[in-house]
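Read through the structure below, which is laid out as structure tokens, and then see the notes.
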Amino acid sequence: MSSGGQIVGGIVGAVVGFYVGGPMGALQGAALGAGVGAALDPPKGPTVEGPRLSDLSIQTSTYGAFLPRVYGTVGISGNIIWLENNRLRETVRKEKQGGKGGGSKTTVKTYSYSATFALALCEGEIDAVRRIWCSDKLIYNNSSSDLDTIIASNRSAAGWRLYRGTDNQLPDPRYEANVGVGNASAFRGIAYLVFYDFQLADYGNTLQALSSKSR
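Residue numbers (numbering that gives the first Met the number 0): 0 to 214.
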């Protein structure tokens, strides 16, 4: 399919060519003009789409799930008690490829997913979270002496917040903004984590495998 640039370029080239060289010049001018127009405005090519989730909603919590009381340092799977807008967030990225020499460009669409959510851990008050895993990948470790691990853990910690389950803790600001002032529970007496814009590409685009070790 010809682009607008090809059509306009061909017409302009034909007119100029006709005045310069008559009918033969018109043909040559049209071809040249169409080529220039295609280079400036190449025809639209196909769109290729990457993998995409068909359903952005997830089962966020288990009704009546047991809330453990911990002593010492123990591993906890956790229970999601809030998901922002009750769905994963989808981000679409478009990138054009090809198109050299006046050819059509292919549009490649890729989809990525993130989530902002709260994960209940146990009865409070706790001192700290030692480690956090997602899909068997260790994403936070505050008990390591390895410099690279410490740096990676500090970066990870910038994306979440721990509420230790005190009797005077306040609602998380992001949670409160989502559900409305006066509707947000402070979850006092419950230790929980809030993850902000957590990228899911490395974890199968799911929240099913989050766990932590708390004390």
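Positions of the beta carbon are idealized from the N, C-alpha and C atoms, including for glycine.
Residue i lies in the alpha helix (DSSP H); which residues open and close that run?
i	result
A176	P172 to V178
Can you give me the start and stop residues for the beta strand (DSSP E) that residue i sits inside?
i	result
Q198	I189 to Q198
F116	K104 to E122
I125	Per DSSP, I125 belongs to no beta strand (DSSP E) and is neither H nor E.
V73	V73 to I75
Consult DSSP for residue i and reduce its assignment to one of helix, strand or coil.
i	result
N182	coil
N204	coil
N140	strand
A33	Per-residue confidence for A33 stands at a pLDDT of 48, beneath the threshold of 50, marking its modelled position as unreliable; the derived number appears in the next sentence. DSSP places A33 in helix when its eight states are reduced to three.
R163	coil
R86	coil
R68	coil
Is the closest heavy atom of the ligand MN to the C-beta of residue i under 7 Å?
i	result
G179	In the structure on display, the ligand MN does not appear, and there are no ligands present to speak of.
Between residue i and residue j, which are expected to be in contact by the criterion C-beta below 8 Å, what is the C-beta distance as a whole number of angstroms?
i	j	result
Y191	L118	6 Å
F116	F194	6 Å
I57	L206	6 Å
F197	S113	6 Å
V73	I125	Actually they are not in contact, since the Cβ atoms of V73 and I125 sit about 10 Å apart, beyond 8 Å.
K104	K93	Actually they are not in contact, since the Cβ atoms of K104 and K93 sit about 11 Å apart, beyond 8 Å.
In terms of DSSP beta bridges, what is residue i paired with?
i	result
L209	C133
R51	For R51, which the question treats as bridged, DSSP gives no partner whatsoever.
R92	T109
I57	Note: I57 sits in no beta bridge, so no partner.
N78	A119
Between the region 103-110 and the region 127-144, are three or more C-beta pairs nearer than 8 Å? no
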